[in-house]
Amino acid sequence: MGMLLRTSAFLWISVGFLSLLEKSEACTGNDFPARCEFVLRNVCFEFVGESETWSQARGSCEKRGGELLKVMNSAIKLLLKNITRGGNTSNFSWWLGEGVQGQYQVPIIKNADVSKDNCTYMKLHPLQVVMASDCNQRRGFLCTHNVCESSSNTKNTIVSSHATLSRLKRDTNPMASSVANIGSLLLEADKELLRMETTIGEPTDVSRDIFIDSLLNGTKRLTPKFAVQNSDTISHIINCSTGILLLSMKKCDINANPNPASLFEEIFEIFRTVSLLVGMGTTQNVIIRHPSGTIYQSKHTPTDLSDAVLGSEKDGGFVKLPSYAALGPQLGKYSTIIVQLAVFSNNPHQSDGNITGSVCSLFLSDGDTEIKLANLTQMIEIFMPQPNASIQTNSTVVLEKNTHALTTINVSDPDMTIFLSVEPSANVSLTLVLSEGSPPTSTYFSNTTTLSPTGGYRWMITPGMLQQIPGVLYVSAGLFNSTWEPKLTLRITSFMSKCLYWHIERETWSTDGCQVGDKSTPERTQCLCNHLTLFGSSFFVMPNYVDLSRTSELFATVSENYVVLALLCSFFGLYLATLLWACYADRRSRSKMKMTLLEDTHPGAHYNYLIGVQTGHRKNAGTTANVTVKLIGSEGESDAHNLTDPDKPVFERGAFDMFLLATPFPLGEVRNLRLQHDNSGGQPSWYINKVTIQDLQTRHVFHFFCGCWLSPDHGDNMIKKTFNAAKNNEIASFRNIFQSRTSTGFRDEHIWVSIVDPPSRSPFTRAQRVSCCMSLLLCTMAINIAFWNIPTDEDSPVLFSLGSLEITREELMVGVQSGLLMFPINILIITIFRSIRPRVISKSKKGDSEENLRPPAVTIASILKDTEEMISSVSSSPRNKMSEMHRLESTTDLGLALDRVHEFIQLMQGESESDPHWVYCSKFLLAGLCHLLMCLEKLDEKHFPSAQEYQQTLNVTNLLVHKAEMVFSSHLVYCPPPVKIRKRRSASCWLPWWCVFLGWFLLLSISGVSTFFTLLYGFQYGRAKSTKWVMSLGLSLFESIFILQPLKVIGVAVFFALLLKPAAVEETEEIEQVLLEQQDKCRRYSGRDTL
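Right, dumping it as structure tokens:
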């Protein structure tokens, strides 16, 4: 019961911790009111920082109306530990009163100057209580006072508003006010659990502690009779306790605000209290099963506990107590003893990763207080199963005449106990020699033992036999007083285990007083302990061993065992051939990845649309015809543009071509798309899959699901079609997302299939994909051959059965370990290659010679044509209220056109409200007028009927340019265009281009290591076993390529389709390069660097 009291005190402090920061008045009896920072059970703790001797500190504390701290119980220790974590007092030491005792006390050092009264001080980082050797040293001191009840009429009462609010919150909590009625308490507990589950940030530390404290207090108010008669209520209490535990372990901020290590102890206190209530109300044994495990409770007399077995050998962990001769001195004085054995399927203290398998706790009580057992003359035996463990063979060696077999064991934890089994194929005796750091010799060794048929062929190497440092152990096995027989083999197996207990005060796992027993097996650990607490065990499966010292010897057998070498050579030959093809295909693909700025786009147009055209994968889906496109929006429509690129072929089968189209003004919401071709070339038929149009200013994306032929010979025999933009429900439909994800998955995610046809714009090249496949293949071979020779555990349970196909737990564990060894490094390599930023190098086109960059000759005809195009483009928008002009044929028509442009500028000046339409229209008009002015300045006046008319046209144009500049500036100020933000990659962040070298380094390194160990294992297995392994490897690769990978792709596609998340539009940084090309084109057109 002492443990119950300690946990209860801890819970009280956790819930009442809201008041620990309060300022309260102490009952001094004098005129020295003290401000108490920390309060516990009507006692305030005052840390006085004055530096005084022990005698001076005692006197100062008495003058303050208090006394030095004299008691150090569990509740006070917990309070001081919390102060250690959060306070600013941890850098000092503090005098305590005489006679303080505690578990934190170090061995007492007596001094002749010390009086008969104890002279003690404490430190808070960590909490330690020390017997001083010099009481004249100067330290701070800890003074305790009794706290008075503060009233509103007391003048010197000091209570902070925060404290008042905290106390008010605690007192008005529905659960805290329902403790007296268990029914109401459980109803409020259900409501509180629901609130925590549906509220972000819950459970907080305060709400969790209040919940646990209220539930525990309500449970303690129950009687044994009530507990026996109301099993539903007991089950409800257990469910509520489990609920708060699960919510606390899965809260969102678990990383930033971890649960205290004592959380499980607090909740288990409720389980234990329930078990005691039920057990005291009946004479029968009680078994309480809860989601975390099972509690076994029974009543015994002291003599009944002699060699008693507690728990269930069938269901899990159990405990065997020693004889009454060892228990009698500590249990003989009790008439009835209540025994509680709690078995947990998992480690309740999740912060510690060394515990595997089940954990158990043994608790003895006389009904009121806990009975402690310590320093027993005989050990308590605790058996804990290891459900995920399986024995693993290190090696099977042939013992030649007059030789020894050498085995190495890697020891990472010196507290581990090692079990080494050396089973000969004949009834002979063996001698084993142990050494550390280097193989044993006749003069250098640590321990020896002899194994015989009668005593068994297992050696338990305990931590005491080692040097308590990690390293490599060498064990030499040879014959001992036995006759050698031909073909004598030794089957060497090993495993490690460790026994620990939970130290409540230190809140950590410890091995003190516990050791591993010789009855341990890979499936069950036997722990021997001489005290009671929470017990756990650790298990480690030894990796398959290969003797690296025999490398040259094994490689010398290549002429006899060439199976694995031949397989690797064939794989590398296939890899090199595929790599050459992949490099050639990548070079061709790079030439087709160019994003095209449409040549027939007006140089002055700057409202940009990115058009992505996906040609289908059907047979003969590509086209040789000339394709034109027209965008129709809610605020206007574009001209018809030719989708061509002089530097690369477009609209090939399966290709995704991207074009930049610019309009003089925004088209609004793009509602329709008109595609047509001229049915030219040898293969004009075209199967268009889909088109995406992205407004680069607003980032809106419009989808057009075409899925049809533009052909006079296929489909509906049409070469011109208008498509409607897809609606939101069509974009998010299961069919569309599933098809898109499946196609993308096989072409990108399926690492083997993607070699043939990867996404056209992916930075993950074919050469890199081929190399990743080779690395993955080599890793698979190395891990497969390392685990291939593991013997079958006949006792391993079957987890899955389908006809003759069975999967055992041992096979599952081997699969999990193989995956952990193989996939992380390969996934890292693939992720690096996928995420590398393309190295875009800005360079001019091959055909951009000086002649091509030289502007064309200026004539009246060209000026009239450019002016006509400018007015035609502006008049295509209904908002501009400008009618189209007839063909301009003379300079007189040019003057009329300029008058119409002047009217349009006045129209824009009269617009009081600016929007992007007027911004881009005025910018387009300014570029066109600048071009016209530049052309007029290059002309001679002889091209006009008279010099006066030429000068007048030049002056009017110059005036219009200035007015257009003012209009553009005014609209730009009041309605700035959307800022073109560089979009970040949605799937993951980009890596610098030079990370490609890191990816290749990792790939070559893992491939080399895998090749080395595959050869080493193959040479060790021999020719016959290597041949069998090659056959099993083929089945494994077939399963991975044709079953697991396709299932993964389809599963991911279904997952995203069910979540209704369409794939994002592919983006590339080539957009910036194309926009720079567009700006350069505008600069040469207008004659200005900037508009």
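Per the numbering used here, the sequence shown starts with residue 57, numbered consecutively. C-beta: ideal position from N, C-alpha, C; glycine also.
In this structure, the alpha-carbon of P470 lies about 16 Å from that of N503. Secondary structure at V685: strand, using DSSP grouped into helix, strand and coil. With respect to the C-alpha of A781, the residue from I749, N773, D769 having the closest C-alpha is I749. Fully contained in the region 693-743 are the following beta strand (DSSP E) runs of length 3 or more, in chain order: 712-719, 726-733. In this structure, the straight-line span from the alpha carbon of A245 to that of L301 is close to 13 Å. About 34 Å separates the beta carbon of G678 from that of Y1141, a gap too long to meet the 8 Å contact definition. Assignment of K428 by DSSP, reduced to helix, strand and coil, places it in the coil class. CA-to-CA, the gap between G1064 and P880 works out to about 17 Å. Put simply, the region 510-523 does not touch the region 448-464. Fewer than three CB pairs are less than 8 Å apart. In the three-state DSSP reduction, I811 falls in the helix class (H, G or I). With contacts defined as CB atoms closer than 8 Å, I885 and L1058 qualify as a contacting pair. Around the beta carbon of L1060, fewer than 16 other beta carbons lie within 10 angstroms, which makes this residue exposed.
When DSSP states are grouped into helix, strand and coil, D422 belongs to the coil group. Membership of R580 in any alpha helix (DSSP H) is not indicated; the residue belongs instead to the beta strand (DSSP E) covering 580-585. Counting only runs of 3+ residues, no beta strand (DSSP E) is found wholly inside the region 899-969. In the structure shown, D1136 falls within a helical segment according to DSSP collapsed to helix, strand and coil.
If you check the CB distance, T473 and S553 come in under 8 Å. Less than 8 Å divides the Cβ of S414 from the Cβ of P441. Looking at the DSSP output, D751 sits in a beta bridge with Y665. For L699 and S932, the gap between their C-alpha atoms comes out near 21 Å. Nearest C-alpha to H759 among S189, S767, N728: N728. DSSP, reduced to helix, strand and coil, places Y530 within a strand of the structure shown.
Contact between the region 562-577 and the region 529-543 is absent: fewer than 3 CB-CB pairs across the two stretches fall below 8 Å. In the three-state scheme derived from DSSP, where H, G and I count as helix and E and B as strand, H999 is classed as helix. Within the region 274-346, the complete beta strand (DSSP E) segments of 3 residues or longer fall at 342-346, listed in chain order.
Cβ neighbours of E479 within its own chain (closer than 6 Å, five residues either side excluded): Y513, R547. Residue pairing of R195 in beta bridges, as defined by DSSP: E108. A contact between stretches requires three or more CB pairs, one per stretch, nearer than 8 Å, and the region 609-628 fails this requirement with the region 680-693.
It is roughly 6 Å from the alpha-carbon of L1028 to the alpha-carbon of V975.
Distance from the Cα of V757 is smallest, within the candidate group S354, K783, V156, for K783. Across the set E924, S694, W1056, F715, the C-alpha of F715 shows the shortest separation from the C-alpha of P702.
Between the alpha carbons of G257 and C308 lies a gap of roughly 7 Å.
The C-beta of L985 has 16 or more other C-beta atoms within 10 Å across all chains shown, which makes the residue buried. By the Cβ neighbour-count rule, D363 is exposed, with fewer than 16 other Cβ atoms within 10 Å of its own. In this structure, I841 lies away from W1056, with their beta-carbon atoms at least 8 Å apart.
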